[in-house]
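Enquirer: Let me give you the structure first, and then I'll get to my questions.
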Amino acid sequence: MNIRKPFIIFMFLALGLIIVGSVAGQNSQPNRSEALQLQTIPSIHLKAGTFTPALDQTLDLPQTLTTQRAIDANAEAYYIVQFSGPVSTAWKASLEQLGGSLHGYIPDYAYKVKLTGAQAAAAANLDGVIWVGIFEPAYRLDPDVKMGGLNLYRIRLEIGADVTAVAQMINNLGATVSRQDGNFLLVIANSFQVDSIAHILDVAWIENFVFYETHNEFGAGVIMNANMANANGYDGSTQTVAVADTGLGGGTASTAHPDIPASRITAIQDFPAADSANCYNAIPDGSQDVDSGHGTHTSLSVLSDGNNAGQGKGTAPAANLVFQSVEDYADMIGFCAFFNPDGYYLLGLPDDLADLYGPAYNAGARIHSNSWGSDAAGDYTADSATTDQFMWNNPDMLITFSAGNSGTDGNSNGVVDSDSMGSPATAKNVLTVGASENDRQGNWDCDTSLSYTDCAAQGGQNDIFTYGAAWASDFPADPIASDPSAGNAEQMAAFSSRGPTDDGRIKPDVVAPGTWVLSGYSDLYQEGYDGSTNPQNGAFQYDGWGFPFSEQYKYMGGTSMSNPLTAGAAAVVRDYYNKAHGHNASAALTKATLINSAVDMLDENNDGANDNDFPIPNDHEGWGRVDLAGATDSNRQWVDNSAGLSTGGTASYQFDISASGSAFKVTLVWTDYPSTESASVNLVNDLNLVVRGPGGSPVYNGNVFSGGWSVTGGSVDDRNNVENVYVQSAAAGTWTVEVSGGNVPNGPQPFALVVAGSFGAPPPTDTPAPPTATNTPVPPTNTPVPTNTPVPPTNTPVPTNTPVPPTNTPVPTNTPVPPTNTPVPTNTPVPPTDTPVPTNTPVVTNTPVPPTNTPVPTNTPVPPTNTPVPTNTPVPPTNTPVPPTDTPVPPTNTPVPPTNTPVPPTNTPVPGGADIIYTSSNSGGNAGGVGFADEDILKYDTGSGTWSMFIDGSDIGLSGSGARDVDAFFLMDDGSVLLSTWGATILPDVGQIDDSDIVRFIPTSTGTNTAGTFELYFDASDVGLTRNGEDVDAVFVTANGDLIISTSGFFSVPGASGRDEDLVKFTPTSLGANTSGTWSLYFDGSDVGLADSSSEDVWGVSVAANGDIFLTSRGTFSVSGVSGTGTDIFTCTPGSLGASTSCTFSMYWDGSANGYGTENMDAMQVVQP
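Okay, so the sequence shown: first residue is 4 according to the working numbering, each after it adds one.
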């Protein structure tokens, strides 16, 4: 351990990676005085923290992630340059004239700029500048980045960086650059190396790498009123929609699907995956859709023209298609093979998503549909920024994304929790789509000729499961648990990811049907229809929710299904503007139209009462459910302003309301300049919407709502690039709508307005030119926005495909499948769906396919349970040649010799009568009313059923970083506590420790006011635990002083080797700074069924006096006789130990039944009387 610290520092200096120093002292006193005179002194908002430099505030950053020396005048570095207020064009120009390069906006009123030391000094004296400071290495790390052991990271480099040179620097640090794609690198590294990488000059951002996952005519035709819009002539025939997904039917235009004629397929673009060193070998298979059928299903939801009976009809049944196939098979190798099974992944998606959107745009697509993503829990990621950048550069392309399927009721209160939005759905400019329930009027037909199903026994109808039956642990409480997953169009799909984003923006934007959606079935490897399985994986294609309707249609569910319905709706809206007004709508206008016309759902909380408990805007439905009839009627006026506004600019419009008492709705949308991943507030160009009634009052600010309608008062919105004013009962007269540029640091900023109300006579022309806003004061009054006067054909909007088909002929509706971490009922044991997620990466995305790393349950209509199915990929055998004793080692909390410091004989945690369970979680939460963080240790009395705080980690320096999460501990009889942390870190009294080391905490007090000192107990580097993956993640001390240890990955020490499901015994001869002893294998998890899944990594161990072994796992586990989750403790009664381990398993403690049901226990100890 002591060798590693100077080694890392030496690498920094030798490679010249540290660009250090601060220029706070370079700020001129007049500028600081200017700041202090402001009414509101601007702060800097970063994910690393918020601080106000003008008040001499700084962030408490880790020493390893800050600069340490002065910067040469000629050396380049990245700085933050902050102005005193809204950025004028002149201020920005003066900064650019210094010769540096701007690399993004940082709120408030600041830029990230690459400058020499001399230029930075000059910048500090510019007019309006109040602070110039170094952009610290800590600002380049996502706060959620994984630490401890080896992990996969995605690294974005600055524009203009020498990618080859940076990759070589990273390799020189001992990390592995697995793949390079444009300015993105996929890197395998440990936490020390990540800290070093953050010091490399042109590294812009470091985040966890995650594999993307995938996330359709009742839903569109009836609920979304597409039939009415189509009947009026708006069917998407002037539009081309791009769909990026798994594959399309047989992979060619002629073999796509009978409901999409080859003549409407503009292009099929294949994105074959490339190999990634030490991660996977890709096996491209072209554009065919063989595994989940996801891409075929989503494409038909957008633009299928349906069969003769109307089944399978998409929202835009005459639109053209550009399909982009991005799924290939992966043979996992090296590091990635430890965590991910072989299977189908969306490997073709480029790291720079502009390389995906660009070819579609060049092929004529102006709508881009994406039913995939990664679990980001509201975070603005590199993908979010890239997508916003593309839309800023191409403002006529609207990109749609599914919100994700991460909705859960974690606190069991019967309401789906907030903050689960996926990425890139967190991007500002995209249209983010959540899922509402589908209602097929009782038509859930299935094919009774399929002998492998129970369809005939069910009377030819699918069984509509409840959310609680499908995902018991996600939805444990009513009303959600007992609510059927379809049948009420006013309700939300429980699994749909909820907003807001981490910076407080309203997401999703809209919702559409996403349960039990019937759409296209790829004609490859269909069980019951085809005679053979896919030769690549030996499995039939996934056949969706319940049982298929026919060999052409199947049901699926998820926000993957609601998104393409909405993408089709966007195409219909663009088609409307083209046909009715001769106008090619911008993305902002299309988005504004869909939002302005959306319907506020009446039962968002699924309690069965249409009482609108959560009126818009809310975290569930955003601004409401898409309504195409409303979006394409003639009762809306609009502005599509391309000239834009700068800071201080204003545009004003007036609208005459002919009669009092009706609603007046105004929607402002703008395609904003991209933010940076390091910023914690992501709005860049801030426009403001103000609406004034006749005579100047009442006055409404954008997004100030109560009960679903605008109210007066409040303040301007400085977070969203969508602003609404909805007046419930507008007075007759002239209303004024004003758009102003509050702060436009990267302008001018174009915008779109859509206005609905009871207007007077429309302008005399059918296609008036929209008024152009300027950066000058208010344009002339009495300038109405062009009205959508011309109504297309027919005065009777009868749906083209008629009402509900017969009950035995269900209309295809794109239905979402159960959430990603729950197996979906299906007829085939397909291996991990086309979107498997690495277990070490928190990826839960918009995928209707069953849980990753879990084969879909065989042909059974029963909804998925929460019991994981073993993965289809065999785990490599453990390498454990040295068998230890075959008898259990009796334990006790006896102190291990030798200790460094005598401990006072107090605070002994041994209970009196009942068992006491001590536990630590891998996240924060609440148990029995006791709030805790991941660095805390809780105490649970099984006798009284009460929880209490035992060790408050924040009191003793364990908070502030994920690396200091307590992931292993043991309570000694003398009152001291052995601890190991998730990652390498610095602790009081000890200094730098590795994640494989063990420290001893000697408390003077415990509980909510914990105090004491640390000392080194076990130096892992002295005894061979030096490799990545050898993080100690469980520890127990036996009666004779032996340490029973689990590691986070593969380990190899003298005398033993094994995997993360094994336990190794260390018999010490000395401890402390000079640790020595011998190793032997104690418990071989693969012998007893703990090697079937990476979620069965042993995360906690405690050994009873009778030899029973208490265990906890990383996630779901299934062994002989027992299954559970990472919240539970199960017991192995050993028959033998060592290289031939045998156990009889039983459940000891059910966390969900004792107030711990939403946690993953990453350390525990059972203390028995």
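Every residue, glycine too, gets a C-beta built ideally from N, C-alpha and C.
For Pro1006, list the residues DSSP reports as bridge partners.
Expert: Taking the first residue of the sequence shown as 1, we reach residue 1006 at position 1003. Note: Pro1006 sits in a beta bridge opposite Gly1015.
Enquirer: Checking the sheet assignment: what are the DSSP bridge partners for His371?
Expert: Within the sequence shown, the letter at position 368 stands for residue 371. BP columns for His371 point to Ala245 and Ile402.
Enquirer: Determine, using beta-carbon pairs with one atom in the stretch 1056-1064 and one in the stretch 1095-1111, whether at least three such pairs fall under 8 Å.
Expert: Judged by Cβ distances under 8 Å, the stretch 1056-1064 makes contact with the stretch 1095-1111, as three or more pairs qualify.
Enquirer: Nearest-angstrom Cα distance between Pro620 and Tyr383?
Expert: For the purposes of this step, residue 620 is taken as residue 617 along the sequence shown, with counting starting at 1. For the purposes of this step, residue 383 is taken as residue 380 along the sequence shown, with counting starting at 1. Computed Cα separation, rounded: 20 Å.
Enquirer: Quick check on Met227: does DSSP put it in helix, strand or coil?
Expert: Your numbering for residue 227 matches position 224 in the sequence shown. Coil at Met227, not helix or strand.
Enquirer: When the Cα atoms are used, what is the spatial distance from Leu671 to Pro427?
Expert: Within the sequence shown, numbered from 1, the residue matching residue 671 stands at position 668. Within the sequence shown, numbered from 1, the residue matching residue 427 stands at position 424. Approximately 22 Å between the Cα atoms of the pair.
Enquirer: Taking Cβ to Cβ, would you say Leu686 is nearer than 9 Å to Arg443?
Expert: Within the sequence shown, the letter at position 683 stands for residue 686. Within the sequence shown, the letter at position 440 stands for residue 443. Result no, Cβ atoms of Leu686 and Arg443 do not sit closer than 9 Å.
Enquirer: Does the distance from the C-beta atom of Gly523 to that of Gly250 stay below 9 Å?
Expert: Here residue 523 is taken as the residue at index 520 of the sequence shown, counted from 1. Here residue 250 is taken as the residue at index 247 of the sequence shown, counted from 1. In this structure, Gly250 does not lie closer than 9 Å to Gly523 by Cβ.
Enquirer: If distances are taken between C-alpha atoms only, which option among Gly1127, Ser1083 and Lys1068 comes closest to Leu1093?
Expert: Position 1090 of the sequence shown, counted from the start, is the residue given in the question as residue 1093. Nearest of Gly1127, Ser1083 and Lys1068 to Leu1093, Cα basis: Gly1127.
Enquirer: Is DSSP giving Arg508 helix, strand or coil here?
Expert: As a position in the sequence shown, residue 508 is number 505, starting the count at 1. In the structure shown, Arg508 sits in coil (DSSP, three-state: anything other than H, G, I, E or B).
Enquirer: If we ignore side chains and look at the alpha-carbon of each, how far apart do Asp1165 and Asn537 end up?
Expert: Translated into positions along the sequence shown, residue 1165 becomes position 1162. Translated into positions along the sequence shown, residue 537 becomes position 534. Answer to the nearest angstrom: the Cα atoms are 39 Å apart.
Enquirer: Check the C-beta distance from Gly956 over to Thr1161 and give it rounded, since I have them as a contact under 8 Å.
Expert: By one-based count along the sequence shown, residue 956 stands at place 953. By one-based count along the sequence shown, residue 1161 stands at place 1158. With a Cβ gap of about 19 Å, Gly956 and Thr1161 do not count as contacting.
Enquirer: Hey, Gly317 and Val325: beta-carbon distance below 9 Å or not?
Expert: One-based indexing of the sequence shown puts residue 317 at position 314. One-based indexing of the sequence shown puts residue 325 at position 322. No, these two residues do not count as a Cβ contact at 9 Å.
Enquirer: So what does DSSP say about Ala646, is it helix, strand or coil?
Expert: Along the sequence shown, one-based indexing puts residue 646 at 643. Here Ala646 sits in strand by DSSP.
Enquirer: Using 8 Å as the cut-off, can you tell me whether the stretch 267-284 makes contact with the stretch 481-500, which would need three or more C-beta pairs spanning the two stretches below that distance?
Expert: In short, these stretches do not touch, since the Cβ pair count stays below three.
Enquirer: Just to confirm my understanding: we take Arg143, look at its own chain, exclude 5 residues before and 5 after, and list those with CB closer than 7 Å. What are they?
Expert: Residue numbering aside, residue 143 sits at position 140 when the sequence shown is read from its first letter. Cβ neighbours of Arg143 beyond the five flanking positions: Ala201, Val206, Ala207, Trp208, Ile209 and Ser681.
Enquirer: Smallest Cα separation from Ser1008: which of Thr504, Thr562, Glu624 and Ile954?
Expert: Residue mapping note: residue 1008 aligns to position 1005 of the sequence shown, counting from 1. The shortest Cα separation from Ser1008 among Thr504, Thr562, Glu624 and Ile954 belongs to Ile954.
Enquirer: Is Pro815 helix, strand or coil when you go by DSSP?
Expert: Within the sequence shown, numbered from 1, the residue matching residue 815 stands at position 812. The predicted model places Pro815 with a pLDDT of 30, which falls under 50 and marks its position as unreliable, so this point remains unresolved.
Enquirer: Going by DSSP, what residue range makes up the beta strand (DSSP E) through Ile271?
Expert: For the purposes of this step, residue 271 is taken as residue 268 along the sequence shown, with counting starting at 1. Taken as a continuous stretch (DSSP letters only), the beta strand (DSSP E) holding Ile271 covers Ile268 to Asp273.
Enquirer: On the DSSP bridge assignment, give the partners of Thr922 in chain order.
Expert: Counting from one through the sequence shown, the residue named residue 922 turns up at place 919. In DSSP, Thr922 forms a bridge with Leu941 and Met1167.
Enquirer: Indicate whether the contact test is met: 3 or more Cβ pairs, each with one atom in the stretch 599-619 and one in the stretch 703-719, closer than 8 Å.
Expert: With a cut-off of 8 Å, the stretch 703-719 and the stretch 599-619 count as touching, because enough Cβ pairs lie within range.
Enquirer: Cutting at 6 Å between CB atoms, please list the residues of its own chain near Gln494, excluding the five before and the five after it.
Expert: Your numbering for residue 494 matches position 491 in the sequence shown. Answer for Gln494: Glu440, Asp606 and Asn609, listed in chain order.
Enquirer: By how many angstroms is the C-alpha of Val84 removed from the C-alpha of Lys95?
Expert: By one-based count along the sequence shown, residue 95 stands at place 92. By one-based count along the sequence shown, residue 84 stands at place 81. Going from the Cα of Lys95 to the Cα of Val84 covers about 10 Å.
Enquirer: Is there contact here, the stretch 686-698 with the stretch 740-754, by at least three beta-carbon pairs under 8 Å?
Expert: The stretch 686-698 vs the stretch 740-754: in contact.
Enquirer: Taking only runs that begin and end inside the stretch 486-564, name each unbroken beta strand (DSSP E) of 3 or more residues, in chain order.
Expert: DSSP runs (the beta strand (DSSP E)) wholly in the stretch 486-564: 513-516, 520-523 and 556-559.
Enquirer: In terms of residues, what are the limits of the alpha helix (DSSP H) holding Ser302?
Expert: Sequence index remark: in the sequence shown, residue 302 carries index 299 (1-based). First-last of the alpha helix (DSSP H) with Ser302: His297 to Leu306.
Enquirer: Rounded to the nearest angstrom, how far is the Cβ of Thr1013 from that of Asp968, given a contact under 8 Å?
Expert: Residue numbering aside, residue 1013 sits at position 1010 when the sequence shown is read from its first letter. Residue numbering aside, residue 968 sits at position 965 when the sequence shown is read from its first letter. So it is not a contact: roughly 16 Å between Cβ atoms.
Enquirer: Alpha carbon to alpha carbon, how far is Tyr81 from Leu118?
Expert: The residue given as residue 81 occupies position 78 in the sequence shown. The residue given as residue 118 occupies position 115 in the sequence shown. Near 6 Å, if we compare the C-alpha coordinates of Leu118 and Tyr81.
Enquirer: Output the distance between the C-alpha atoms of Tyr558 and Ser525, rounded to the nearest integer angstrom.
Expert: Translated into the one-based positions of the sequence shown, residue 558 becomes position 555. Translated into the one-based positions of the sequence shown, residue 525 becomes position 522. Answer to the nearest angstrom: the Cα atoms are 12 Å apart.
Enquirer: Take Asp292 and list the residues in its own chain whose beta-carbon comes closer than 7 Å to its own, dropping the five residues that flank it on each side.
Expert: Here residue 292 refers to the residue found at position 289 of the sequence shown. If we look at Asp292 and ignore the five residues flanking it on each side, its Cβ neighbours are Thr249, Gly250, Leu251, Gly252, Gly298, Thr299, Ser525 and Leu527.
Enquirer: Just confirm the distance between the C-beta atoms of Asp998 and Trp985, as a whole number of angstroms; I'd bet it's less than 8 Å.
Expert: Counting from 1 along the sequence shown, the entry for residue 998 is found at position 995. Counting from 1 along the sequence shown, the entry for residue 985 is found at position 982. So it is a contact: roughly 6 Å between Cβ atoms.
Enquirer: With three or more C-beta pairs closer than 8 Å as the rule, is the stretch 541-558 touching the stretch 354-363?
Expert: At 8 Å Cβ cutoff, the stretches do not touch.
Enquirer: Phe1120: which of Tyr348, Leu352, Gly1110 and Thr1134 sits nearest, CA to CA?
Expert: By 1-based counting over the sequence shown, the position of residue 1120 is 1117. Considering only alpha carbons, the answer is Thr1134.
Enquirer: With 16 other CB atoms within 10 Å as the buried threshold, where does Met1150 fall?
Expert: Here residue 1150 corresponds to residue number 1147 of the sequence shown, with the count starting at 1. So Met1150 ends up on the exposed side.
Enquirer: Tell me the rounded alpha-carbon separation between Ile919 and Phe468.
Expert: Taking the sequence shown and counting its residues from 1, the one referred to as residue 919 is at position 916. Taking the sequence shown and counting its residues from 1, the one referred to as residue 468 is at position 465. Cα-Cα distance, rounded: 39 Å.
Enquirer: Measuring CB to CB, does Trp1082 end up less than 9 Å from Gly1027?
Expert: For the purposes of this step, residue 1082 is taken as residue 1079 along the sequence shown, with counting starting at 1. For the purposes of this step, residue 1027 is taken as residue 1024 along the sequence shown, with counting starting at 1. The answer is yes: Cβ separation under 9 Å.
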